[in-house]
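Per the working numbering, the sequence shown runs over residues 114 to 350.
Yeah, the Cβ is synthetic: ideal placement off N, Cα and C, and Gly gets one too.
Shown next, in structure tokens, is the structure this report addresses.
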Amino acid sequence: MINSTVPWYEGAWLGFDTETTGVWVKRDRIATASLIWREGGDNRVHNWIINPGVPMPPQASAVNGLTDDYLAQNGEQPAVALEKIASELASAMSRGIPAVGFNVSFDFQILEAELARNGLPTVQERLGGALAPIIDPLVLDRALDRYRRGKRRLAAVCAVYGLGEDRDFHHAEADVAATLDLLSAMVDRFEELRAMTLTELQQFQRDSHRIWAESFNEFMKQKHGNFHPAPVTWPVP
């Protein structure tokens, strides 16, 4: 149930991000996760280190700085950490507090896969319905500044909004904080975001993602032919 007593942009947000062993949601594992509660300018940070039980590929370690030894020595067992993460997300979302993440569709997909793998209820099962409310600044940026050239990675988009200086990207807590700052900057810039209710914002993101995915898939089909199409449904296929 979405709380409409105050505008969504003046209420609480729960930022969410993961660092993983790779990008295949049904095969790879979560190695770290961060949740940041933000309300009224205050932050409460919850971080998890998880022993994924599988090797961290060298290419992933080069990006996130996580090694097998570090994760084995410092990581919680997956089922313990995943239960805490899912419980906190479901508790917030059930009260109408949006989960906020950059390309957060990936984070939810791999979290749901990890929960199922460990015999735990998924977030969607805990909510008893759709994964909502969710806000993804990547989806919003593609829709609201559709024709801007350049990359759409978190660091690049933050730079467009003047948020890129002196930021340490590629670990979960830093990425969550940057994403929350980015959403605030987008709310300030785009009056149409402030004009929407949280329910309307969910539909806007679903529609915007579908338009982007259909266009992307058509472009890739013409250019490459053989490619893995982007799902047209959001936030999960």
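Open item on the list: Does the contact criterion of 3 or more C-beta pairs under 8 Å hold for the stretch 285-305 versus the stretch 194-202?
Closed with: no
Task: Residue span of the beta strand (DSSP E) that contains H159, given as start and end - done: Numbered from 1 along the sequence shown, position 46 holds the residue referred to as residue 159. Run containing H159: 155-162, per the beta strand (DSSP E) assignment.
Open item on the list: Bridge partners for L127 per DSSP, in chain order?
Closed with: Within the sequence shown, numbered from 1, the residue matching residue 127 stands at position 14. L127 is bridged to W150, A212.
Task: Helix, strand or coil at A243 [DSSP, three-state] - done: Walking along the sequence shown from the start, residue 243 turns up at place 130. Of the three classes helix, strand and coil, the one that applies to A243 here is coil, per DSSP.
TODO: Would you mind giving the Cβ-Cβ distance between V252 and W347, rounded to the nearest angstrom? I have them listed as a contact below 8 Å.
DONE: The residue you call residue 252 lines up with position 139 of the sequence shown. The residue you call residue 347 lines up with position 234 of the sequence shown. Correct: roughly 7 Å between the Cβ atoms.
Open item on the list: My output table needs one value for T312: the three-state DSSP class, helix, strand or coil.
Closed with: Translated into positions along the sequence shown, residue 312 becomes position 199. Note: T312 maps to helix in three-state DSSP.
TODO: Name, in chain order, the residues that DSSP records as bridge partners for T134.
DONE: Translated into the one-based positions of the sequence shown, residue 134 becomes position 21. According to DSSP, T134 bridges with nothing at all.
TODO: Return the chain-ordered list of same chain residues with a C-beta closer than 6 Å to the C-beta of G242, the five sequence neighbours on each side being excluded.
DONE: Locating residue 242 in the sequence shown gives position 129, where the first residue counts as 1. If we look at G242 and ignore the five residues flanking it on each side, it has no Cβ neighbours.
TODO: Check whether the Cβ atoms of R302 and P120 sit closer than 8 Å, and answer yes or no.
DONE: Against the sequence shown, residue 302 aligns to sequence position 189. Against the sequence shown, residue 120 aligns to sequence position 7. Going by C-beta atoms, R302 is not nearer than 8 Å to P120.
Open item on the list: Determine whether the beta carbon atoms of L293 and F282 lie at a separation below 8 Å.
Closed with: Looking up residue 293 in the sequence shown gives position 180. Looking up residue 282 in the sequence shown gives position 169. It is not a contact, given that the beta carbons lie outside the stated cut-off.
Open item on the list: Whole angstroms are fine: how far does the CA of D182 sit from the CA of E327?
Closed with: As a first step, residue 327 must be located in the sequence shown, where it is residue number 214. As a first step, residue 182 must be located in the sequence shown, where it is residue number 69. If you take the alpha carbons of E327 and D182, they lie about 42 Å apart.
Task: R255, buried or exposed, once every other Cβ within 10 Å from all chains shown has been counted against 16 - done: As a working note, residue 255 is residue 142 in the sequence shown. Buried, because 16 or more other Cβ atoms sit within 10 Å of the Cβ of R255.
Task: Alpha-carbon to alpha-carbon, A291 and R142 - done: As a position in the sequence shown, residue 142 is number 29, starting the count at 1. As a position in the sequence shown, residue 291 is number 178, starting the count at 1. Spanning the two alpha carbons is a distance of roughly 23 Å.
TODO: Tell me where the alpha helix (DSSP H) around Y122 begins and ends.
DONE: Here residue 122 refers to the residue found at position 9 of the sequence shown. Unbroken run through Y122: none, as it is neither H nor E.
- [ ] Using the Cα positions of T312 and R265, report the straight-line distance between them to the nearest angstrom.
- [x] Translated into the one-based positions of the sequence shown, residue 312 becomes position 199. Translated into the one-based positions of the sequence shown, residue 265 becomes position 152. Answer to the nearest angstrom: the Cα atoms are 25 Å apart.
Open item on the list: Quick test of the definition: if touching needs 3 or more C-beta pairs under 8 Å, does the stretch 144-156 touch the stretch 229-244?
Closed with: no
TODO: Please work out which residues of its chain come closer than 6 Å, Cβ to Cβ, to N216, disregarding the five sequence neighbours upstream and downstream, and give them in chain order.
DONE: Locating residue 216 in the sequence shown gives position 103, where the first residue counts as 1. L251, listed in sequence order.
Open item on the list: Quick check: the Cα distance between D220 and G124, rounded to an integer number of angstroms?
Closed with: Translated into the one-based positions of the sequence shown, residue 220 becomes position 107. Translated into the one-based positions of the sequence shown, residue 124 becomes position 11. Cα to Cα, the separation comes out at about 23 Å.
Task: Residue from V138, R140, P168, G128 with nearest C-alpha to D155 - done: Stepping through the sequence shown from its first residue, residue 155 is reached at position 42. Checked all of V138, R140, P168, G128; the closest Cα to D155 is G128.
Open item on the list: Can you tell me which residues form a DSSP beta bridge with E189?
Closed with: Numbered from its first residue, the sequence shown carries residue 189 at position 76. Note: E189 sits in a beta bridge opposite I163.
- [ ] With a threshold of 16 other CB atoms inside 10 Å of the CB of E286, please say whether the residue is buried or exposed.
- [x] Locating residue 286 in the sequence shown gives position 173, where the first residue counts as 1. Result: buried.
TODO: Please state if the CB of S218 and the CB of V349 are separated by a distance shorter than 8 Å.
DONE: Counting from one through the sequence shown, the residue named residue 349 turns up at place 236. Counting from one through the sequence shown, the residue named residue 218 turns up at place 105. It is a contact, given that the beta carbons lie within the stated cut-off.
Open item on the list: Once the 5 residues before and after E227 are set aside, which same chain residues still bring their CB inside 7 Å of it?
Closed with: Residue 227 sits at position 114 when you count from the first residue of the sequence shown. Excluding sequence neighbours, E227 sits near R142, I143, P191, L195.
Task: As assigned by DSSP and simplified to three states, the class of T145 - done: Position 32 of the sequence shown holds residue 145. Strand.
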